[in-house]
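Quick notes on the structure that follows.
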Amino acid sequence: MAKVIYVPLEHIPGRYTVHMDRDITKHLQDKNIPFVKIYPEAAGEAGPLPEGCFLNAAYTSKFKSMQMAMIAGMYERGEVEDGDTFFFSDIWFPGVESIAYMNYFHKVDAKITGVIHAGSFTDTDFVRDMERWAKNFEDIIFDISDKIYCASEFIKQDIIKKRYVSPDKLVVTGLPVDHTGLDFIDTSYKEPIVIFNGRLCDEKQPWLFDELERQVTERLGDTFPNIRFIKTQTENLSKEDYYRLLGQSKVVVSYALQENFGFGVAEAAYLGCTPVLPNRLVYPELYDKKHLFDRFEQSVDMVCEALINETEGAIKIPSAETCISEWFKEYE
1 MAKVIYVPLE HIPGRYTVHM DRDITKHLQD KNIPFVKIYP EAAGEAGPLP EGCFLNAAYT
61 SKFKSMQMAM IAGMYERGEV EDGDTFFFSD IWFPGVESIA YMNYFHKVDA KITGVIHAGS
121 FTDTDFVRDM ERWAKNFEDI IFDISDKIYC ASEFIKQDII KKRYVSPDKL VVTGLPVDHT
181 GLDFIDTSYK EPIVIFNGRL CDEKQPWLFD ELERQVTERL GDTFPNIRFI KTQTENLSKE
241 DYYRLLGQSK VVVSYALQEN FGFGVAEAAY LGCTPVLPNR LVYPELYDKK HLFDRFEQSV
301 DMVCEALINE TEGAIKIPSA ETCISEWFKE YE
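Just so you know, the sequence shown maps onto residues 1 to 332 in this note's numbering.
Below, the structure written as structure tokens:
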């Protein structure tokens with residue numbers, strides 16, 4: 001019987017990787033879809049993340065190498081069969097070309113699918129610095145894959161403009177937000193808290209949040225003496241405490257120069273934070289125009305207004321189940 005060979009991202013506390021793995025695994029089990037999960041427990045726990053980074057490059061390379069060793073063992077034992085489908089939680093996966101290689105030599109017709117989160121094809125992504133060699137790797141991914149799921153139309157069009165790929169291979173599904181974790185959070189009492197939950201790196205422009213704090217405090221400090229501006233990545237919060245903070249907060253702000261989906265803003269908006277976002281990247285696709293600004297000065301006005309008025313989360317992304325069902329609908 002054909003099966004899914006599921007290749008998850010490594011679990012990194014504080015990121016979306018844990019809940020995505022949980023939700024995908026549950027979906028495959030609930031739908032009685034035959035699957036094998038490639039998760040090397042022997043890799044141990046992920047090490048600390050370098051400041052501003054979303055992964056530890058050395059650890060993720062070790063983890064993925066161990067995943068590829070497990071997959072190669074499956075080919076060696078004849079456990080990968082015609083009709084099987086590899087599903088990568090992140091198909092930007094060094095070693096994915098080995099599957100096409102093993103398919104060829106073992107005369108197996110196994111499909112290659114997965115989610116593309118980002119790449120050097122995006123002008124403002126920090127990995128653009130790797131484009132000289134990463135472009136060739138990305139072209140291989142797009143060539144050998146049977147289907148690639150995109151978080152947004154924004155990233156799909158970016159790929160089509162920059163890389164050789166059939167548009168038919170690219171399917172926009174969104175990404176699964178952690179509804180299980182978010183639905184238990186109390187949002188009934190909001191405090192004058194403004195959140196910046198982006199990474200502290202150049203492409204997220206955290207220094208603009210500092211200037212926002214200065215200007216908004218000048219205007220509203222007397223009205224809201226307890227106003228707080230919090231960069232969540234400086235707080236060393238557990239995931240649950242982070243969600244609780246979002247549930248208490250009134251406003252979430254982004255100044256991102258690169259964003260293909262934006263889990264942080266999506267989670268905050270789901271928990272009732274008023275989003276104040278740049279009118280660019282993926283944001284116009286997911287959020288109402290009233291939540292978008294064109295100039296920094298507008299963001300200051302919007303935050304002041306949001307603090308004075310009732311909070312209003314606004315999000316258009318599909319549920320986690322809807323998203324994951326699209327990834328595995330051929331097996332349901």
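No residue lacks a Cβ here, since even glycine has one placed at the ideal position from N, Cα and C.
Remember, predicted model here, so these are calculated numbers, not experimental data.
In three-state DSSP terms, what is residue i?
i                 : result
valine 172        : strand
phenylalanine 121 : coil
valine 270        : Here the sequence assigns tyrosine to residue 270, which means valine is not the residue at that position. In this structure, tyrosine 270 counts as helix in the three-state DSSP scheme.
isoleucine 91     : coil
glycine 221       : coil
glycine 247       : helix
glycine 114       : strand
lysine 31         : coil
isoleucine 12     : coil
valine 265        : helix
proline 167       : helix
leucine 277       : strand
lysine 37         : strand
leucine 292       : strand
valine 80         : coil
cysteine 323      : helix
threonine 187     : coil
tyrosine 242      : helix
valine 108        : coil
valine 253        : strand
glycine 73        : helix
serine 206        : First, the amino acid is wrong: residue 206 is proline here, not serine. Proline 206 falls in the helix class under three-state DSSP.
glutamate 312     : coil
tyrosine 331      : helix
leucine 212       : helix
leucine 200       : coil
glutamate 259     : coil
proline 284       : helix
May I have the straight-line CA-CA distance separating residue i from residue j, to the nearest angstrom?
i              : j                 : result
leucine 257    : isoleucine 24     : 30 Å
tyrosine 101   : threonine 124     : 33 Å
valine 233     : glycine 78        : According to the sequence as given, residue 233 is glutamine; it is not valine. The alpha-carbon atoms of glutamine 233 and glycine 78 are separated by roughly 45 Å.
leucine 9      : cysteine 150      : 16 Å
methionine 164 : isoleucine 144    : The question names methionine, but residue 164 in the sequence shown is tyrosine. The straight-line gap from Cα to Cα measures roughly 12 Å.
glycine 174    : phenylalanine 261 : 8 Å
isoleucine 38  : aspartate 82      : 18 Å
threonine 322  : lysine 156        : 19 Å
glutamate 285  : leucine 292       : 11 Å
arginine 199   : valine 171        : 27 Å
proline 94     : threonine 122     : 19 Å
leucine 245    : serine 152        : 27 Å
glutamate 203  : aspartate 210     : 15 Å
lysine 290     : alanine 72        : 51 Å
glutamate 326  : leucine 237       : 32 Å
valine 108     : proline 206       : 49 Å
glycine 47     : valine 253        : 29 Å
glutamine 215  : glutamate 305     : 13 Å
serine 166     : isoleucine 116    : 15 Å
aspartate 158  : alanine 118       : 10 Å
Looking at the strands, I want to know which residues DSSP matches up with residue i.
i                : result
arginine 228     : Ile193
threonine 180    : Per DSSP, none; premise fails for threonine 180.
phenylalanine 86 : Ile5 and Ile112
tyrosine 149     : Val115 and Val171
Identify, in the order they occur along the chain, each residue of the same chain with its Cβ nearer than 7 Å to the Cβ of residue i, setting aside the five sequence neighbours on each side.
i                 : result
serine 120        : Val127, Arg128, Met130, Glu131, Ala134, Lys135 and Glu138
proline 340       : With the chain running from 1 to 332 in the structure shown, residue 340 is simply not present.
phenylalanine 296 : Leu208
Do residue i and residue j have their C-beta atoms closer together than 7 Å?
i                 : j              : result
lysine 64         : threonine 85   : no
isoleucine 195    : isoleucine 140 : no
tyrosine 283      : leucine 208    : no
threonine 217     : glycine 272    : no
threonine 274     : valine 251     : yes
alanine 57        : histidine 179  : no
isoleucine 227    : proline 192    : yes
isoleucine 185    : tyrosine 243   : yes
histidine 27      : isoleucine 324 : yes
lysine 147        : lysine 162     : no
methionine 68     : serine 98      : yes
phenylalanine 328 : tyrosine 16    : no
phenylalanine 87  : glycine 114    : yes
tyrosine 59       : histidine 106  : no
proline 40        : lysine 3       : no
methionine 66     : alanine 43     : yes
valine 276        : valine 303     : yes
glutamate 267     : leucine 281    : no
leucine 182       : tyrosine 104   : no
Looking only at its own chain, which residues have a Cβ that is under 8 Å from the Cβ of residue i, when we skip the five neighbours before and after it?
i         : result
valine 18 : His11, Ile12 and Lys239
Output needed for residue i: all residues of its chain with C-beta closer than 6 Å, excluding positions within five of it in sequence on either side, in chain order.
i             : result
glutamate 332 : Lys31
glutamate 312 : Thr274
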